[in-house]
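J.:
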Amino acid sequence: MKQAIKRVCWPFLALTALFVSGAAQALQDPAKLVVAARDAALTAAREVGVNNPTATVARPDPRLRLADCLQPLTGRVTGTPRLPGRALVQVACEATPGWSIHLPVSVQAKAGVLVAARALPRGHRIKAGDLRQQTMELGALNGQYLLDQAQAQGQALRRSLGVGERLTPNVLQAPVLVRRGESVLMQLQGNNFVIQASGRALGNGAAGDRVDIENLHTKRVVHGTVTGDGRVTVEF
Numbered sequence: 050m051k052q053a054i055k056r057v058c059w060p061f062l063a064l065t066a067l068f069v070s071g072a073a074q075a076l077q078d079p080a081k082l083v084v085a086a087r088d089a090a091l092t093a094a095r096e097v098g099v100n101n102p103t104a105t106v107a108r109p110d111p112r113l114r115l116a117d118c119l120q121p122l123t124g125r126v127t128g129t130p131r132l133p134g135r136a137l138v139q140v141a142c143e144a145t146p147g148w149s150i151h152l153p154v155s156v157q158a159k160a161g162v163l164v165a166a167r168a169l170p171r172g173h174r175i176k177a178g179d180l181r182q183q184t185m186e187l188g189a190l191n192g193q194y195l196l197d198q199a200q201a202q203g204q205a206l207r208r209s210l211g212v213g214e215r216l217t218p219n220v221l222q223a224p225v226l227v228r229r230g231e232s233v234l235m236q237l238q239g240n241n242f243v244i245q246a247s248g249r250a251l252g253n254g255a256a257g258d259r260v261d262i263e264n265l266h267t268k269r270v271v272h273g274t275v276t277g278d279g280r281v282t283v284e285f
């Protein structure tokens, strides 16, 4: 009879021990996941020059069951996000055995974005007084904004801008410094000489562009590099 009791009790005790062990296992606090993701996103934003960013982290799935990490959690932004904006942060436990999850994060920041202070026509070269700053939420602009007037100074507009319209990088282009049919000053230079001569541009060009120039004295066509307003350097 005693042997029969033993056969019944041992499986029961083993099952009970397994249940107690599973129930006693500590689970990771979801709030710590959120903190780690937020810290990683804010650090990444500051590293790319975002001032005073804030971050909103999507709450982890309440059904998630992760073992409590015995080490501080690590977080890193994955992929190539455009901050401010949306990002994905990997939060990981580097203890053994470890685990990792990804949490969506939205990074916000406000700053003075450049907008047109007055109506500006297509081809206009930006100068002082053409732009003003207007505070906007950067995360909603998809990177299509400028903050520093020095980035726009002297650049030409690909299209017209209305009063208060936001200036974007793709609206700007290098200004045309040499125009087809106009007179230019050629600087002819070789190893041991530099000569200046008058020419006529046979094409349009911005700084650094190669254009054909007709020498008005010799009528010879030469190739030169645009170096300034109405100026072209020809090397021999």
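Going letter by letter, the sequence shown gives residues 50 to 285 in the numbering used here.
The beta-carbon is built from N, C-alpha and C at its ideal position, and this holds for glycine as well.
Can you grab the Cα-Cα spacing for the pair ASP179 / SER232, in whole Å?
T.: For the purposes of this step, residue 179 is taken as the residue at position 130 of the sequence shown. For the purposes of this step, residue 232 is taken as the residue at position 183 of the sequence shown. So the alpha carbons of these two residues sit roughly 29 Å apart.
J.: Hey, how far is the Cα of GLY273 from the Cα of ARG208?
T.: For the purposes of this step, residue 273 is identified with residue 224 of the sequence shown, where counting begins at 1. For the purposes of this step, residue 208 is identified with residue 159 of the sequence shown, where counting begins at 1. Answer to the nearest angstrom: the Cα atoms are 28 Å apart.
J.: Could you tell me how far apart the beta carbons of ALA158 and ASN100 are, in whole angstroms, since I believe they sit closer than 8 Å?
T.: Along the sequence shown, one-based indexing puts residue 158 at 109. Along the sequence shown, one-based indexing puts residue 100 at 51. Yes, ALA158 and ASN100 are in contact; Cβ-Cβ is about 7 Å, under 8 Å.
J.: Looking at chain D, is there any beta carbon in it that lies within less than 8 Å of the beta carbon of GLN245?
T.: Here there is only one protein chain, and chain D is not present.
J.: At the level of alpha carbons, what is the spacing between ASP88 and LEU115?
T.: What you label residue 88 is simply residue 39 of the sequence shown in a count that begins at 1. What you label residue 115 is simply residue 66 of the sequence shown in a count that begins at 1. Looking at the two C-alpha atoms, the distance is approximately 20 Å.
J.: For THR217, which residues in the same chain have their Cβ closer than 8 Å to its Cβ, ignoring the five residues on either side in sequence?
T.: Here the question's residue 217 lines up with position 168 in the sequence shown. Same-chain partners within the cutoff: GLN193, TYR194, LEU195.
J.: Mark GLN77 as exposed unless 16 or more other C-beta atoms lie within 10 angstroms of its C-beta, in which case mark it buried.
T.: In the sequence shown, counting from the first residue as 1, residue 77 sits at position 28. Buried, since its Cβ has 16 or more Cβ neighbours within 10 Å.
J.: Determine the closest residue to HIS151 out of ALA160, THR145, ALA141, with distance taken between C-alpha atoms.
T.: Sequence index remark: in the sequence shown, residue 151 carries index 102 (1-based). Considering only alpha carbons, the answer is ALA141.
J.: Any chance you could list the beta strand (DSSP E) runs of at least 3 consecutive residues sitting entirely within the region 76-111, in chain order?
T.: Listed in chain order, they are 103-106.
J.: Indicate the three-state DSSP secondary structure (helix, strand or coil) for ALA223 in the structure shown.
T.: Counting from 1 along the sequence shown, the entry for residue 223 is found at position 174. Three-state result, ALA223: coil.
J.: If you drop the 5 nearest sequence neighbours on each side, which residues of the same chain put their C-beta closer than 7 Å to that of ALA166?
T.: For the purposes of this step, residue 166 is identified with residue 117 of the sequence shown, where counting begins at 1. Around ALA166: GLY178, ASP179, LEU180, ARG181.
J.: Among ARG135, ALA93, LEU221, which residue has its Cα nearest to the Cα of ALA199?
T.: To locate residue 199, count along the sequence shown from 1; it is residue 150. Here the closest residue by C-alpha is LEU221.
J.: In three-state DSSP terms, what is LEU190?
T.: The residue labelled residue 190 in the question sits at position 141 within the sequence shown. Helix, per DSSP.
J.: Would you grab the beta carbon distance between LEU206 and ARG171 for me? Rounded to a whole angstrom, and I think it's under 8 Å.
T.: Along the sequence shown, one-based indexing puts residue 206 at 157. Along the sequence shown, one-based indexing puts residue 171 at 122. Their Cβ separation, rounded to whole angstroms, is 6 Å, which keeps LEU206 and ARG171 in contact under 8 Å.
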